[in-house]
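Notes follow the structure.
Numbering (our numbering), first residue to last: 611 to 1093.
Right, dumping it as structure tokens:
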């Protein structure tokens, strides 16, 4: 069996194994002109000879590369040769990313899938076929692992996904990159090369060019194949746990309406902690605007309420309040991020939405003052204010969610060591050095990223988070009087 026969048999079996295509389906294929998408295009043409289907092609010019117009012309030529409808979308992704304050990668993906969605709707609800391969899957798994993902992220890329944008299929997810190129070479089919994939500017490129090849050559042969097999098992496990979570949550919910969602605590606590966390994650995503940016730190704070007696509450981003009251846990959304009260020194989470979408944010303290958070892009030469009650921080250095709270054991500041470097100093030791009376130490709010103190409010800030010459985004924190 030659390479062409082997590849087509492998992909066609994969399509049928996952029920991707049925006779007379309408399919929109995303074709960039690169090896993967060109391979996908020709394999779909071959599959159409055995299963009747209607194929169209979408090409997106992101406006990033000088050779992008050539790529579009090449893809249009391929479609013209086979009589396949061709749809071209042009976008200035750099400008759009700047306006939306997101990465170029993220904006490019959003533009592509919006183009696929529009064309699919135009065709009366077509499927979208995209050209992810096994190497892409392994790269995604590692990328999510390094960022601290859960099971869903570690499961990598699914062969079939259904969502608001319709059904997305990935017919060549079973092929490794080398198999893709071998297929095209045997058929003497050319493809375009995207020079942005050659450098290591993007995180995924560094994984692609350095980590996976090293693992394949120096750790174990067949790394990508083994990782993809693991991804399959993790997706199966995630699907099972998702079903168990829905069933458990149905038993716990005692109220679900405009006032929020209430869970019976006794029933909730009867389930394993794994399901408890998953239930909270599901509820928080449901009540949060857009269901985004709920992280494990928020789940852990919610879980802390279950260990307390009596009535307690915590405040999370997006105006979410969780209350423990009379054997119930009540999760509700109080609307836009307005003033949040900080009663009895209960910790308050500071918004951590994508690029500050939840700023400005104001938190009222219990001493007649409030703390205001504002995020902005720093202009070149803009001077840092020397003010006891207004502090600037380098927002890009802040990796953990911020919290306004009282001091905790293990809290520390980063201070200059007198030799051009920095060192950690326990907050307790700093308070002793500054002769802050013991009875007042718990009354001073701190702004913290886990145990790293950005600002002992009204006192000292951490050297590590200071604004520098190359700082792009500034988080301004100001202590002001209530009005």
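A virtual CB, placed ideally from N, CA and C, is assigned to each residue, including glycine.
One thing to note: residue 641 has its Cβ within 7 Å of the Cβ of residue 651. Residue 628 and residue 1075 have their C-alpha atoms spaced approximately 49 Å apart. With distances taken between CA atoms, residue 615 lies nearest to 793 out of 777, 793, 669 and 734.
Distance from residue 1025 to residue 1073 at the Cβ level is roughly 6 Å; contact confirmed, criterion being Cβ atoms closer than 8 Å. Non-local beta-carbon contacts of residue 754 in its own chain, meaning distances under 7 Å to residues more than five positions away in sequence, involve 763 and 764 in chain order. Counting every other CB atom within 10 Å of its CB across the protein chains shown gives residue 1050 a total below 16, marking it as exposed.
Counting the other Cβ atoms within 10 Å of the Cβ of residue 943 gives 16 or more, which makes it buried. Nearest C-alpha to residue 842 among 620, 931, 1034 and 769: 769.
Residue 1007 holds the alpha-carbon nearest to the alpha-carbon of residue 1081 among 1056, 857 and 1007. Between residue 840 and residue 831, the alpha-carbon positions lie close to 15 Å from each other. Note on residue 1033: under 16 other CB atoms within 10 angstroms of its CB, so exposed under the neighbour-count rule.
Taking a cut-off of 8 Å on C-beta distances, the region 688 to 701 does not touch the region 738 to 746, as fewer than three cross pairs fall below it.
If you ignore the 5 residues before and after residue 865, its C-beta comes within less than 6 Å of the C-beta of 872, all in its own chain and listed in chain order. Bridge partners of residue 698 according to DSSP: 669. About 7 Å separates the Cβ atoms of residue 1066 and residue 1037, confirming a contact at the 8 Å cut-off.
DSSP places residue 1072 outside both helix and strand once states are collapsed to three, so it counts as coil. Taken through DSSP and simplified to helix, strand or coil, residue 639 comes out as strand. A distance below 7 Å separates the beta carbons of residue 703 and residue 672. Apart from the 5 residues on each side of it in sequence, residue 818 sits with its Cβ closer than 6 Å to the Cβ of 749 in its chain, given in chain order. Contact between the region 1054 to 1066 and the region 1012 to 1022 is present: three or more C-beta pairs spanning the two stretches fall below 8 Å.
In the DSSP assignment, residue 788 falls outside any beta strand (DSSP E) and lies within the alpha helix (DSSP H) extending over 787 to 796. Residue 825 and residue 845 have their C-alpha atoms some 23 Å from each other. Residue 635 counts as buried, since no fewer than 16 other beta carbons sit within 10 angstroms of its beta carbon.
Residue 1059 sits in a strand when the DSSP states are folded into three classes. By the neighbour-count criterion, in which 16 or more other beta carbons inside 10 Å mark a residue as buried, residue 660 falls on the exposed side. CA-to-CA, the gap between residue 766 and residue 626 works out to about 20 Å.
In chain order, 670 and 725 place their CB closer than 6 Å to the CB of residue 699, counting only its own chain and leaving out the 5 sequence neighbours on each side. Excluding residues up to 5 positions away in sequence, 1051 lie with their Cβ nearer than 7 Å to the Cβ of residue 1041 in the same chain. Take residue 1010, set aside five residues on each side of it, and the residues of its chain with a beta-carbon closer than 6 Å to its own are 1059 and 1060, in chain order. In terms of Cβ geometry, residue 653 and residue 621 form a close pair [threshold 7 Å].
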